[in-house]
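A.B. asks: Here's a structure for you.
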Amino acid sequence: MSDPTERPAVDDDAWATACEEDLQAEKARRRAQYGSQPGSAAEELKKLLEAVADKVSAFQTSLPGMAAQSAVQQLVDQARSAVEPVIERNPHVFDHLAAAGNELLAAYRSAVEGHERRWTQGPTAAEDDRDPRDEGDASSEHIDLD
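The opening residue of the sequence shown carries number -10 in the numbering used here; numbering runs sequentially from there.
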């Protein structure tokens, strides 16, 4: 006989299991709706290299002469053999480079948007009253983005 106060066996990880199932279902729903997510920066670089190699291979068939075609194929093979081992050994480096590129782009946008806003709005009343010889004004600072 069993004790009436005895609880049924409970999965200790039931919450974690349910969360994982929900996460997998949500990922499947998003894949169906939006397509597959981009991979890591290293995987995307591999895809780019493959696409470029395919285009160059298609281009080489229109080149006159066997020497030109073999030179193009040799160039593609050399590039692939040089880049693929680097990608395989250091996949996280490309993730860091992609993140750094995003940060640089955000900094550039911030600098440009601030200047564009000042250029398009024209001088404000406070700027009209200032002494043009005042060199401490930040709005007259020139930022060279080239």
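The beta-carbon is built from N, C-alpha and C at its ideal position, and this holds for glycine as well.
Does glutamine 26 come out as helix, strand or coil in the three-state DSSP assignment?
C.D. replies: Walking along the sequence shown from the start, residue 26 turns up at place 37. Residue state, collapsed to three classes: coil.
A.B. asks: Whole angstroms is fine: what's the gap from glutamate 77's alpha carbon to lysine 16's?
C.D. replies: One-based indexing of the sequence shown puts residue 77 at position 88. One-based indexing of the sequence shown puts residue 16 at position 27. Using only the alpha carbons, I get a separation of about 26 angstroms.
A.B. asks: Evaluate lysine 44 with the Cβ neighbour count: other Cβ atoms within 10 Å of its Cβ, from every protein chain shown; 16 or more gives buried, anything less gives exposed.
C.D. replies: On the sequence shown, position 55 is the one that residue 44 refers to. So lysine 44 counts as exposed.
A.B. asks: Whose C-alpha, out of Pro80, Gly111 and Ala89, is nearest the C-alpha of alanine 31?
C.D. replies: As a working note, residue 31 is residue 42 in the sequence shown. Considering only alpha carbons, the answer is Pro80.
A.B. asks: Using only alpha-carbon positions, find the residue among Ala14, Leu38 and Ser29 that is nearest to glutamine 22.
C.D. replies: Counting from one through the sequence shown, the residue named residue 22 turns up at place 33. Per the Cα distances, Ala14.
A.B. asks: So, do the region 100 to 108 and the region 54 to 69 have three or more beta carbon pairs nearer to each other than 8 angstroms?
C.D. replies: no
A.B. asks: DSSP three-state call for glycine 111: helix, strand or coil?
C.D. replies: Locating residue 111 in the sequence shown gives position 122, where the first residue counts as 1. Three-state DSSP puts glycine 111 in coil, outside helix and strand.
A.B. asks: For aspartate 84, which residues of its own chain have a beta-carbon under 8 angstroms away from its beta-carbon, when the five flanking residues on both sides are left out?
C.D. replies: Translated into positions along the sequence shown, residue 84 becomes position 95. Spatial neighbours of aspartate 84 in its own chain (CB-CB distance under 8 angstroms, excluding positions within 5 residues in sequence) are listed in chain order as Ser29, Ala30 and Ala31.
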